[in-house]
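**Student:**
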Amino acid sequence: MKTHIKTCPLCEAMCGLQVAVEDGKVASIRPNPDDVWSEGYICPKGVALADLHADPDRLRRPLVKKGDSFQEVSWDEAFAAIADGLAPIREKYGMEAISTYIGNPAAHNHSLSRMIAAFMPMSGIPVVYSSGTVDQWPKNVSSALLYGGMWTIPVPDVDRTDHLLLLGANPSASQGSLLAAANLPARLDGIRKRGGRVVVVDPRRTKTAERADDWVPIQPGTDALLLLAIAHTLFAEGRVRADALRDKINGLFDVERLVADFSPAAVADACRIPAEKIVELARGLSDAKTACVYGRIGTCNQEFGTLASWIIDVLNVLTGNFDRPGGMMFADPVVPSLTTMPHPDFPGGAYTFGRWKSRVRGAPEVLGQVPVSCLAEEIATPGDGQIRALITIAGNPVVSAPDCGRLDKALPDLDFMVSVDNWVNETTRHADVILPGQSPLEQPHCDDLLLGWAVRNHAKWSDPVFAPPAGQPLEWEILLKLAGIVSGATPEDADPQVLDDLFFTGLVGALSEAEEHPLAGCDVAEIVAATEGRGPDRLVDLMIRTGPQGDRYGSRPDGLTRARLAASPNGLDFGPLEPRLGEVLQTPSGRMELAPEYILGDLDRLRQRIARADEGLVLVSRRHLRSNNSWLHNVPKLVSGKDRCTLLIHPEDAERCGVATAAQARVESRAGAIEVAVEVSDEMMPGVVSLPHGWGHDLEGVQLQVAAAHAGVNNNLLAPGDLVDVPSGNAVVNGIPVAVSPALPG
Ligand SMILES: Nc1nc2c(c(=O)[nH]1)N[C@H]1C(S)=C(S)[C@@H](COP(=O)(O)OP(=O)(O)OC[C@H]3O[C@@H](n4cnc5c(=O)[nH]c(N)nc54)[C@H](O)[C@@H]3O)O[C@H]1N2
Ligand SMILES: Nc1nc2c(c(=O)[nH]1)N[C@H]1C(S)=C(S)[C@@H](COP(=O)(O)OP(=O)(O)OC[C@H]3O[C@@H](n4cnc5c(=O)[nH]c(N)nc54)[C@H](O)[C@@H]3O)O[C@H]1N2
Ligand code: SF4
Ligand SMILES: [Mo]
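Sequential numbering from 68 applies to the sequence shown in our numbering.
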């Protein structure tokens with residue numbers, strides 16, 4: 068028996084595991100009590116990594132579609148089939164006929180998280196779609212304009228704060244998002260234990276709300292109104308304390324002027340929160356010694372996601388809690404992500420939007436992407452620029468994207484589709500070729516993007532538990548070879564090792580020319596020769612060595628390298644966050660912009676929301692601790708127990724709609740209709756119903772035996788594709804008007 072130390076790659080908690088292996092099989096997965104970051108915490112999904120690894124449905128060899136069914140082929144055959152499939156499309160219609168969709172695991176997977184940065188430019192694919200536009204795009208827009216970096220995201224200092232106002236997040240299920248911390252629920256309990264307060268704003272009384280001091284139900288989509296009214300109150304009562312940041316911020320007077328319209332009395336009806344309660348929330352924030360306002364998915368994938376994301380950060384400035392212990396702070400990642408570098412499209416941090424528009428609906432580009440809901444129409448609508456080939460990478464948009472029924476119908480129209488994925492699921496069943504990567508236990512792991520909003524500065528490296536199967540290329544090699552083939556190289560010429568060298572040398576070259584980078588003016592060949600490993604591992608070495616703790620290639624001889632990090636498998640902790648706003652700002656003014664014109668331009672739409680009549684029942688989404696978006700439902704122990712894919716509805720609404728617990732209800736929106744089991748519960752506020760996303764596994768051709776037996780229904784069939792948060796283009800999947808009625812028998 069050998070015990071391996073491993074970091075779980077499934078979510079932002081980054082838990083440390085001890086994986087015991089006997090006879091080539093996992094004997095047990097336990098929490099690693101010595102992990103410097105997670106200190107012995109894990110959740111049931113971490114244990115299920117063994118089941119994912121052993122899952123008989125997990126693909127180990129590439130599949131090629133022959134007729135109506137998939138056949139296992141050799142890697143050479145698979146790449147040859149891709150070259151043959153793409154060549155006529157590229158020759159006849161050009162690169163613009165080829166597109167890609169990149170899904171959520173790309174942020175967590177060791178190879179994908181780094182090498183997609185090489186895949187995109189090397190493949191020449193002009194337009195990318197991603198799960199980002201059903202997720203955090205509003206926060207990216209806000210951060211781009213406030214700080215000059217779309218991934219510059221402040222995090223609540225949960226371990227030191229005295230007061231947390233949390234909106235649209237349920238860490239009891241999600242374990243935290245854009246807020247990386249292990250065992251976040253216990254850390255929130257910790258705030259209360261030291262005499263502080265936790266206030267949860269959510270249309271549902273979640274487990275997080277149940278553990279808090281106060282649950283404030285809110286009408287979905289109105290968080291921006293609530294928070295503007297809180298800001299209004301702070302100004303009206305002389306509670307604004309932004310003095311310490313005076314030299315680092317612009318736009319305070321503009322904020323004061325614009326919040327004038329949004330008094331608590333003006334927004335109370337729209338939010339369905341009494342004006343006195345809003346004033347109480349403002350005073351609570353202001354009176355606390357330290358405080359944070361934090362919002363997540365419920366404040367992003369909703370009607371006013373950008374305004375909500377923006378005002379959250381502004382409020383933290385107004386209360387005097389920005390960039391100080393106990394408030395909102397910036398991490399200093401030990402392994403910086405490539406995304407922390409200045410965005411090449413926006414020199415000097417000057418972001419612009421709408422540089423091009425989507426062909427069919429004319430949606431403006433935002434941070435290089437248009438809403439993922441455009442994908443179906445771009446495939447289905449004939450004409451110049453029509454998408455004829457699609458490459459999906461670790462994504463399942465047939466389940467996760469709004470209006471997914473249309474996408475499911477459009478994918479068969481493609482001339483060619485490739486999926487880099489480990490299962491035949493709702494999306495990949497449409498592919499002509501599927502290229503599987505390794506199981507999580509067959510890969511090294513080292514986080515980077517998530518360290519940008521981790522509550523402590525730390526880093527961990529873990530080696531693979533099992534060697535990848537002989538003859539299978541590593542996932543980064545798959546990506547690079549695919550990039551070469553997409554760009555027009557023959558499979559023989561598309562050598563991942565050569566492309567890796569090209570990418571890496573190009574990157575070091577760019578850094579050598581960047582101002583204010585530790586590698587500025589370096590000898591490129593010398594740095595390339597001195598950096599260890601290949602592919603993502605080499606990027607880790609580079610980023611660690613040029614990062615805050617790095618050895619700077621010798622100029623700080625005691626500093627960190629990848630090898631030194633790997634020698635401490637339990638990780639290295641570099642302590643709590645420290646104030647560093649001045650260092651992170653990349654805006655043209657060099658200051659934090661509190662009142663960017665682009666965001667304020669959306670305030671008229673918000674003002675109109677105040678006057679809008681009540682629209683009846685609205686639907687929101689939820690998560691469960693034992694799911695991970697759409698892809699863990701094939702693990703028996705994660706789907707056992709009672710059905711989780713139920714419609715939560717308040718007793719009054721249930722009575723009015725004539726539905727009862729365990730009965731089937733029909734839920735209808737202007738996008739579609741589904742039937743689902745009902746769960747009547749007063750954990751919902753009246754007027755709001757909740758469904759989990761990520762289900763609906765009973766489609767023909769899906770090869771997920773366990774998931775098919777626990778299929779559930781897909782709530783995104785109800786999400787209209789044209790409902791977006793205007794400034795970001797992010798999907799609105801929370802706050803969808805629906806009608807609920809008893810399902811017809813039969
Ligand atoms: N209604 C509603 N819809 C939502 C949301 C919501 O709250 N409500 N949330 C949105 C959010 S936040 C997100 S992030 C998206 C997620 O949207 P997606 O990223 O499209 O969906 P996932 O279910 O995460 O799909 C992950 C895919 O990656 C594959 N996969 C897993 N591990 C690996 C790996 O190591 N390598 C490769 N190559 N593939 C792998 C899985 O088989 C699966 O196909 O869903 C969004 N959709
Ligand atoms: N176990 C598990 N963990 C996960 C995931 C998973 O699927 N399962 N997914 C991962 C991903 S990709 C992400 S992005 C994160 C998301 O992490 P979280 O943001 O914590 O996501 P949820 O648990 O869905 O919580 C969102 C909450 O927002 C509420 N809500 C909906 N609409 C509104 C609104 O308009 N206003 C307010 N104030 N609240 C609203 C919902 O009722 C819900 O309780 O979780 C990650 N972690
Ligand atoms: S909370 Fe669960 S899924 Fe997330 S990293 Fe920890 S063990 Fe993995
Ligand atoms: Mo997400």
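By construction, the Cβ of each residue, glycine as well, lies at the ideal position given by its N, Cα and C atoms. Nothing here was measured: the structure is a model prediction, and the numbers come from that model.
What residue range is occupied by the uninterrupted beta strand (DSSP E) comprising His230?
**Tutor:** Run containing His230: His230 to Leu234, per the beta strand (DSSP E) assignment.
**Student:** Helix, strand or coil for Gln564? Go by DSSP, reduced to three states.
**Tutor:** Three-state DSSP puts Gln564 in a helix.
**Student:** Nearest by alpha-carbon distance to Leu586: which of Glu79, Arg619 and Asp390 is it?
**Tutor:** The shortest Cα separation from Leu586 among Glu79, Arg619 and Asp390 belongs to Arg619.
**Student:** Leaving aside the five residues before and after Ala276 along the sequence, list all residues of the same chain whose C-beta is less than 6 Å from its C-beta, in chain order.
**Tutor:** Excluding sequence neighbours, Ala276 sits near Val267, Asp269 and Trp282.
**Student:** May I have all residues whose beta carbon comes closer than 6 Å to any heavy atom of ligand 4, sorted in chain order?
**Tutor:** Listed by chain position, these are Asn171 and Asp202.
**Student:** Return yes when at least one heavy atom of ligand 3 lies under 8 Å from the C-beta of Gln242, else no.
**Tutor:** True, at least one ligand heavy atom lies under 8 Å from that Cβ.
**Student:** Assess contact between the region 320 to 340 and the region 396 to 406, defined as three or more Cβ pairs (one per stretch) separated by less than 8 Å. Is contact present?
**Tutor:** Contact fails: fewer than three Cβ-Cβ distances are below 8 Å.
**Student:** With a threshold of 8 Å (Cβ to nearest heavy atom), would Gly107 be considered close to ligand 3?
**Tutor:** Incorrect: Gly107 has no Cβ contact closer than 8 Å to ligand 3.
**Student:** Sorted by chain position, which residues of the same chain lie with C-beta nearer than 7 Å to Leu17's C-beta, five sequence neighbours on each side aside?
**Tutor:** Coverage of the chain is limited to positions 68 through 813, which leaves residue 17 absent and any answer about it impossible.
**Student:** Is Gly690 buried or exposed, if buried means 16 or more other CB atoms sit within 10 Å of its CB?
**Tutor:** Here the sequence assigns Arg to residue 690, which means Gly is not the residue at that position. The residue in question, Arg690, is buried, as its Cβ has 16 or more Cβ neighbours within 10 Å.
**Student:** When you measure from the CB of Leu517 to every non-hydrogen atom of ligand 1, does any distance come out below 8 Å?
**Tutor:** False, no ligand heavy atom lies under 8 Å from that Cβ.
**Student:** Should Val565 be labelled buried (16 or more other beta-carbon atoms within 10 Å of its own) or exposed?
**Tutor:** Looking at its Cβ environment, which holds fewer than 16 other Cβ atoms inside 10 Å, Val565 is exposed.
**Student:** Secondary structure at Thr373, three-state DSSP: helix, strand or coil?
**Tutor:** Helix, per DSSP.
**Student:** Less than 9 Å between the beta carbons of Arg264 and Leu606, yes or no?
**Tutor:** Contact: no.
**Student:** Would DSSP call Gly642 helix, strand or coil?
**Tutor:** Three-state DSSP puts Gly642 in a strand.
**Student:** Is the region 743 to 760 touching the region 406 to 417, taking contact as three or more C-beta pairs under 8 Å?
**Tutor:** Output reads no: the region 406 to 417 does not touch the region 743 to 760.
**Student:** Output yes or no for whether 9 Å exceeds the beta carbon distance between Ala117 and Ile96.
**Tutor:** For Ala117 and Ile96, yes; Cβs fall inside 9 Å.
**Student:** Give every residue of the same chain whose Cβ lies closer than 6 Å to the Cβ of Thr167, excluding the five residues on either side of it in the sequence, and list them in chain order.
**Tutor:** Closer than 6 Å at Cβ, skipping near neighbours: Ile192, Val195 and Ile458.
**Student:** If the criterion is Cβ atoms closer than 9 Å, does the pair Ala146 and Leu481 meet it?
**Tutor:** Looking at the sequence shown, residue 146 is not Ala but Phe. In this structure, Leu481 does not lie closer than 9 Å to Phe146 by Cβ.
**Student:** Pick helix, strand or coil for Leu714, following the three-state DSSP scheme.
**Tutor:** Here Leu714 sits in strand by DSSP.
**Student:** Going by the CB atoms, is the gap between Val522 and Asp226 shorter than 9 Å?
**Tutor:** Their beta carbons are under 9 Å apart, which means Asp226 touches Val522 by this criterion.
**Student:** Please report how far the alpha carbon of Tyr418 lies from the alpha carbon of Met217, in whole angstroms.
**Tutor:** Whole-angstrom Cα-Cα distance: 9 Å.
**Student:** Counting Cβ pairs closer than 8 Å, one from the region 529 to 547 and one from the region 502 to 520, do we hit at least three?
**Tutor:** At 8 Å Cβ cutoff, the stretches touch.
**Student:** Determine which residues share a DSSP beta bridge with Arg97 and list them.
**Tutor:** Bridge partners of Arg97: Gln85.
**Student:** Grab the span of the beta strand (DSSP E) containing Met484 for me, first residue to last.
**Tutor:** Unbroken beta strand (DSSP E) run through Met484: Phe483 to Val487.
**Student:** Which residues does DSSP list as the beta-bridge partners of Ile501?
**Tutor:** According to DSSP, Ile501 bridges with Leu130 and Ser486.
**Student:** Would you mind reading off the limits of the beta strand (DSSP E) that contains Pro809?
**Tutor:** It spans Ala806 to Pro809 - the beta strand (DSSP E) in which Pro809 sits, taken as one unbroken run.
**Student:** How about Ser440 and Asp475: are their beta carbons less than 9 Å apart?
**Tutor:** Cβ distance not < 9 Å, so Ser440 and Asp475 don't count as in contact.
**Student:** Can you check DSSP and say which residues form a bridge with Arg264?
**Tutor:** His230.
**Student:** Looking at chain B, is there any beta carbon in it that lies within less than 9 Å of the beta carbon of Met395?
**Tutor:** No chain B appears in this structure, which consists of one protein chain only.
**Student:** Determine the direct distance from the alpha carbon of Ala291 to that of Asn489, and round the result to whole angstroms.
**Tutor:** Approximately 39 Å, taken between the alpha carbons.
**Student:** Comparing the CB of Cys78 with every heavy atom of ligand 3, is any distance shorter than 8 Å?
**Tutor:** Cys78: yes, Cβ under 8 Å from ligand 3.
**Student:** Do Lys159 and Gly372 have their C-beta atoms within less than 9 Å of each other?
**Tutor:** Not a contact, by the Cβ cut-off of 9 Å.
**Student:** How many Å lie between Val793 and Glu89 at the Cα?
**Tutor:** Straight-line Cα distance between these residues: approximately 54 Å.
**Student:** Taking 8 Å as the line, does the beta carbon of Glu542 fall inside it for any heavy atom of ligand 1?
**Tutor:** Checking every heavy atom of ligand 1 against the Cβ of Glu542, one is found closer than 8 Å.
**Student:** Measuring CB atoms only, is the region 798 to 813 touching the region 379 to 387, in the sense that at least three cross pairs come out at less than 8 Å?
**Tutor:** No contact exists between the region 798 to 813 and the region 379 to 387.
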